[in-house]
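Colleague: If you scroll down you'll find the structure; I have some questions about it.
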């Protein structure tokens, strides 16, 4: 199962995709990679810090996040236990839980996925071996996209079907979740009520 992943980031490019193309690989290595400071586990390790990732996420939709916190502060004055306040706390507890990302992994992703489109072009190699999705034959493939996803645009995940040509049509499916953004694909009400049941049934039918 692939959910909201940029298998082919050339399709329906988002602001994230355009940013990656507008900046060279060296820019990312120089501007977003830092060393874990003393006093923390992994001291000296090169990472893309979680706080920088979070800042980038927030700045994609600053007005929406500001409005959400404005409503939350209002709720704290009137009814801290109301449904909206509880939902806010649950969402942001997860949204703000961002781990540092290993520098090599992050930079490889920027280059291979967002700049060179290596998997989509059939040029991706791991340890010298060419990655051939067409060799996958014995599994089922379910791709899921959010109609409002502003990180992985429409068609980017669905592209996996065009690469995995060895999978029988009866064992593949694509689902677009209406009124759903990137995080809604795997978290929150739409995940629980709409997407999870579809995924559960697909896995059961192909187990």
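Numbering (the working numbering), first residue to last: 17 to 223.
The beta carbon of each residue, even a glycine, is placed where N, CA and C say it ideally should be.
(1) Would you kindly work out how many angstroms separate the C-alpha atoms of residue 178 and residue 190, rounded to a whole number?
(2) Under the three-state reduction of DSSP, which class applies to residue 66: helix, strand or coil?
(3) Rank 77, 43, 138 and 66 by C-alpha distance to the C-alpha of residue 23 and give the top, closest one.
(4) Looking only at C-alpha atoms, which of 125, 97 and 30 sits nearest to residue 45?
(5) Residue 107 lies in the beta strand (DSSP E); which residues open and close that run?
(6) Kindly give me the distance between the Cβ atoms of residue 54 and residue 63, rounded to whole angstroms, as I take these residues to be in contact under 8 Å.
(7) With three or more beta-carbon pairs closer than 8 Å as the criterion, would you say the segment 145-154 touches the segment 180-197?
(8) Whose C-beta lies closer than 8 Å to the C-beta of residue 170 among residues of the same chain, with five residues either side of it excluded?
(9) For a test of the three-state rule: what should DSSP assign to residue 162, helix, strand or coil?
(10) Helix, strand or coil, according to DSSP, for residue 145 in the structure here?
(11) Just the C-alpha distance for residue 214 and residue 149, rounded to the nearest angstrom, thanks.
(12) Near residue 174, which residues of its chain fall below 6 Å by C-beta distance, leaving aside the five closest residues on each side in sequence?
(13) Give the single residue among 184, 132, 70 and 209 whose Cα lies nearest to the Cα of residue 38.
(14) Mind checking which residues open and close the alpha helix (DSSP H) that includes residue 192?
(15) Between 205, 203 and 165, which lies nearest to residue 21 when the distance is taken from Cα to Cα?
(16) If you reduce the DSSP assignment to three classes, tell me which class residue 61 lands in.
(17) Tell me whether residue 33 is buried or exposed, calling it buried when 16 or more other Cβ atoms sit within 10 Å of its Cβ.
Modeller: Reading from the atomic positions:
(1) 12 Å
(2) helix
(3) 138
(4) 125
(5) Note, residue 107: premise wrong, no beta strand (DSSP E); alpha helix (DSSP H) at 99-111.
(6) No, residue 54 and residue 63 are not in contact; Cβ-Cβ is about 14 Å, not under 8 Å.
(7) yes
(8) 27, 28, 161, 163 and 192
(9) strand
(10) Strand at residue 145.
(11) 24 Å
(12) 159 and 190
(13) A check of alpha carbon separations from residue 38 across 184, 132, 70 and 209 identifies 132 as the nearest.
(14) Not the alpha helix (DSSP H): residue 192 falls in the beta strand (DSSP E), residues 188-193.
(15) 165
(16) coil
(17) Buried, since its Cβ has 16 or more Cβ neighbours within 10 Å.
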